[in-house]
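Student: Quick one: the structure is below, and I'll ask about it shortly.
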Amino acid sequence: MRGVYYDQLPHWVVDRGYYSLMFRCRGSLPDAVLLRLSEINQNQQGIVTRDQQALEQQRRSFKILEAYLDRSQGFAPFHDDAVRGAFHDYLQEYDVGGLRFQHWVIMPNHLHLLTAPLNCERIECFKSAMTQFKLRSTQMLNRTLGRRGGFWQSHQYDRWVRNEREYHRWQKYFKDNPVKAGLCQQPECWVGLQ
1 MRGVYYDQLP HWVVDRGYYS LMFRCRGSLP DAVLLRLSEI NQNQQGIVTR DQQALEQQRR
61 SFKILEAYLD RSQGFAPFHD DAVRGAFHDY LQEYDVGGLR FQHWVIMPNH LHLLTAPLNC
121 ERIECFKSAM TQFKLRSTQM LNRTLGRRGG FWQSHQYDRW VRNEREYHRW QKYFKDNPVK
181 AGLCQQPECW VGLQ
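FYI, the working numbering numbers position 14 of the sequence shown as 14, with every residue one higher than the one before it.
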């Protein structure tokens, strides 16, 4: 364990850890939802992470976020199969600062990823890996879409995957996500799933 740092959420950093990550597009959630999530996150500040109350707060926050994101409202550039396919190819090749991805699902307005083991000698290595991914992927996506400006919301969700059972649970979640959101009938039909 290298430590924990906080922004809106706690971020546990371990050396050679696997992570489940979620990045959402800027403008993908209504302001009222952002305000409610911010209130929930502020209530989590100072609560011991292993505490049952904190875990329930985190689950509630994630469920609210998930419900709105699955509606695919707001800025949703990955509705387009070609954009999703191009970004799928980008993720397959991505290897910057030791950050690589093993599994993912690209939803219309957000992205879920499972990393390969990430070498983190210090907390700053983890922060740098996330920042580099956001910067580089923003450049690629803006070129693809012929646009400028920010692409991702400033904060990402990340969870250190603690064991193989949890890792497989995330894989299943990714696979089921487009079907549950009503985007396809079978996971195999969704461009942007690995």
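Positions of the beta carbon are idealized from the N, C-alpha and C atoms, including for glycine.
None of these values were measured; they are calculated from a predicted model.
Can you find at least 3 beta carbon pairs, one from the segment 102-110 and one from the segment 75-82, that sit closer than 8 Å?
Tutor: Yes, since at least three Cβ pairs between the segment 102-110 and the segment 75-82 fall closer than 8 Å, the two stretches touch.
Student: Between the Cα of Gln-171 and the Cα atoms of Leu-114, Arg-162, Lys-134, Ile-123, which residue gives the shortest distance?
Tutor: Taking the first residue of the sequence shown as position 1, residue 171 is located at position 171. Among Leu-114, Arg-162, Lys-134, Ile-123, the Cα nearest to that of Gln-171 is on Leu-114.
Student: Just verifying my parser: in three-state terms, what is the DSSP assignment at Arg-84?
Tutor: By one-based count along the sequence shown, residue 84 stands at place 84. Arg-84 falls in the helix class under three-state DSSP.
Student: Return the first residue and the last residue of the alpha helix (DSSP H) that His-168 is part of.
Tutor: Here residue 168 is taken as the residue at index 168 of the sequence shown, counted from 1. 164-180 is the extent of the alpha helix (DSSP H) around His-168.
Student: Taking 7 Å as the cut-off, does the CB of Lys-180 come closer than this to any heavy atom belonging to the ligand HEM?
Tutor: With respect to small molecules bound, the structure shown includes none, and the ligand HEM cannot be examined in it.
Student: Going by DSSP, which residues form a beta bridge with Phe-78?
Tutor: By one-based count along the sequence shown, residue 78 stands at place 78. In DSSP, Phe-78 forms no bridge with anything.
Student: Spatial neighbours of Arg-2 within its chain, please: CB distance less than 7 Å, with the 5 preceding and 5 following residues excluded, ordered by chain position.
Tutor: As a working mapping, residue 2 is identified with position 2 in the sequence shown. Answer for Arg-2: Val-13, Val-14, Asp-15, Cys-120, Arg-122, Ile-123, listed in chain order.
Student: Just tell me which of Asp-176, Trp-160, Leu-29, Asn-142 has its CA closest to the CA of Gln-153.
Tutor: Mapped onto the sequence shown, residue 153 falls at position 153. Measuring from the Cα of Gln-153, the nearest candidate turns out to be Leu-29.
Student: Tell me Ile-106's beta-bridge partners as DSSP assigns them.
Tutor: If you number the sequence shown from 1, residue 106 lands on position 106. Answer is Leu-111, bridged to Ile-106.
Student: Do Tyr-90 and Ser-137 have their CB atoms nearer than 8 Å?
Tutor: Within the sequence shown, residue 90 is the residue found at index 90, counting from 1. Within the sequence shown, residue 137 is the residue found at index 137, counting from 1. Yes. Within cutoff.
Student: Do you know how far the Cα of Val-191 is from the Cα of Gly-85?
Tutor: Taking the sequence shown and counting its residues from 1, one reaches residue 85 at position 85. Taking the sequence shown and counting its residues from 1, one reaches residue 191 at position 191. Taking the straight line joining both Cα atoms gives about 6 Å.
Student: Give the straight-line distance between the Cα atoms of His-155 and Phe-23, rounded to the nearest whole angstrom.
Tutor: Working through the sequence shown from its first residue, we reach residue 155 at position 155. Working through the sequence shown from its first residue, we reach residue 23 at position 23. Going by the C-alpha atoms only, they are around 8 Å apart.
Student: To the nearest whole angstrom, what separates the beta carbons of Asp-70 and Lys-175, a pair I think is in contact under 8 Å?
Tutor: For the purposes of this step, residue 70 is taken as residue 70 along the sequence shown, with counting starting at 1. For the purposes of this step, residue 175 is taken as residue 175 along the sequence shown, with counting starting at 1. Not a contact, Cβ separation roughly 15 Å.
Student: Can you tell which of Asp-7, Leu-118, Val-96 has its C-alpha closest to the C-alpha of Gln-42?
Tutor: Numbered from 1 along the sequence shown, position 42 holds the residue referred to as residue 42. That would be Asp-7, whose Cα lies nearest to the Cα of Gln-42.
Student: Can the beta-carbon of Ser-128 be found less than 8 Å from the beta-carbon of Gly-98?
Tutor: The count along the sequence shown starts at 1 and reaches residue 128 at position 128. The count along the sequence shown starts at 1 and reaches residue 98 at position 98. In this structure, Gly-98 does not lie closer than 8 Å to Ser-128 by Cβ.
Student: For Pro-10, which three-state DSSP category applies?
Tutor: Taking the sequence shown and counting its residues from 1, the one referred to as residue 10 is at position 10. Pro-10: strand per DSSP, three-state reduction.
Student: Is Cys-25 buried or exposed, if buried means 16 or more other CB atoms sit within 10 Å of its CB?
Tutor: In the sequence shown, residue 25 corresponds to position 25, counting from 1. Buried, by the Cβ-count rule.
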